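Data first, discussion second: the structure below is written as structure tokens.
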Amino acid sequence: MGITMVEATKSRARVRRAGRNADQAKADLLASARREFADKGFALAGIEAIAEPTGLNKKMIYHYFGSKEELYIAVLEEVYLGIRKMEDALPLDELEPLAAIQRLVEATWDYYVTNPDFIALVNQENLLGAIYLKKSGIVKRRTSVLLKRVKAILKKGADQGRIRPDIDPLQLNHSIAGLGFYYLNNRFTNTQIYNFDHMTPEALAMRRAFIVDFVMRAIMSKEEIARLER
1 MGITMVEATK
11 SRARVRRAGR
21 NADQAKADLL
31 ASARREFADK
41 GFALAGIEAI
51 AEPTGLNKKM
61 IYHYFGSKEE
71 LYIAVLEEVY
81 LGIRKMEDAL
91 PLDELEPLAA
101 IQRLVEATWD
111 YYVTNPDFIA
121 LVNQENLLGA
131 IYLKKSGIVK
141 RRTSVLLKRV
151 KAILKKGADQ
161 GRIRPDIDPL
171 QLNHSIAGLG
181 FYYLNNRFTN
191 TQIYNFDHMT
201 PEALAMRRAF
211 IVDFVMRAIM
221 SKEEIARLER
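Take the sequence shown: its position 230, counted from the start at 1, is 230 in UniProt numbering, and no numbers get skipped.
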């Protein structure tokens, strides 16, 4: 579906009258699309439903993003880069290795809890076989930066005799993500199965503490664990 030059000019005029520049209009559409795709998935999400809350013409979606597919890819990039930016902001290099890993574990869990649309969108893209994420190279490039940081932290901790020397950074990353992602992604079914509300503040705090302890004990050297248990 295309947009003519006349339609684009009229739509841009509406954006200016609404007091928004092009960047703000694009950001508003992206935020609305993030909610819509997280709630309904790619197939059921509607262009009209995305445009309506922003007060913009749906044709502006095609003007700024080209297509529904490209808008969806932009949303995926935003949610993945959101967690990468959070990780980049952590002062991991300034902390002792074990403290750095603990901070990463805590921050990852906190991000998941406060960004449920991240959980929903990643889950949906997995169900689609990552066919849209494959079309984005930036997510893969940014993730490799995190793995390099974690690798350096693990090596430093191993050299100090505090972290096991056989910890693989990718496997550690999967474990940190999986321990939180599974719990939150399956919160509704597990609440029914176990008759336990998984989303109360107390339940979330309990899970956070468990994940931190679980990961830290998994990566600690025998000598470090012995020191803790003295």
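The beta carbon of each residue, even a glycine, is placed where N, CA and C say it ideally should be. All figures in this text were calculated on a predicted structure; none of them were measured in a lab.
Residue i to residue j span [Cα, whole Å]
i: Gly82; j: Ala89; result: 11 angstroms
i: Ile167; j: Lys155; result: 9 angstroms
i: Arg217; j: Asn115; result: 27 angstroms
i: Gln24; j: Ile119; result: 25 angstroms
i: Gly55; j: Asp28; result: 9 angstroms
i: Tyr132; j: Ile47; result: 17 angstroms
i: Arg227; j: Ile153; result: 20 angstroms
i: Lys40; j: Lys85; result: 26 angstroms
i: Asp159; j: Ile219; result: 13 angstroms
Residue i and residue j closer than 8 angstroms at C-beta
i: Glu224; j: Arg162; result: yes
i: Glu36; j: Ala22; result: no
i: Leu121; j: Leu147; result: no
i: Arg187; j: Met199; result: yes
i: Gly157; j: Pro201; result: no
i: Tyr80; j: Leu184; result: no
i: Met60; j: Ala74; result: no
i: residue 263; j: Gln124; result: For residue 263 there is no data in the structure shown, the boundaries of the chain being 1 and 230.
Start-to-end residues for the alpha helix (DSSP H) that takes in residue i
i: Leu100; result: Going by the sequence as given, residue 100 is Ala instead of Leu. It spans Pro97 to Thr114 - the alpha helix (DSSP H) in which Ala100 sits, taken as one unbroken run.
i: Met216; result: Pro201 to Ile219
i: Ile73; result: Lys68 to Ala89
Residue i Cβ short of 7 angstroms to the ligand COA heavy atom set
i: Ala99; result: Because no ligand of any kind appears in the structure shown, any question about the ligand COA cannot be addressed here.
Meets three-Cβ-pair contact criterion under 8 angstroms: the segment 100–115 and the segment 126–145: Flag = no, the segment 100–115 and the segment 126–145 do not touch.
The segment 61–75 / the segment 89–101 touching (three or more Cβ pairs under 8 angstroms): Too few Cβ pairs lie closer than 8 angstroms, so no.
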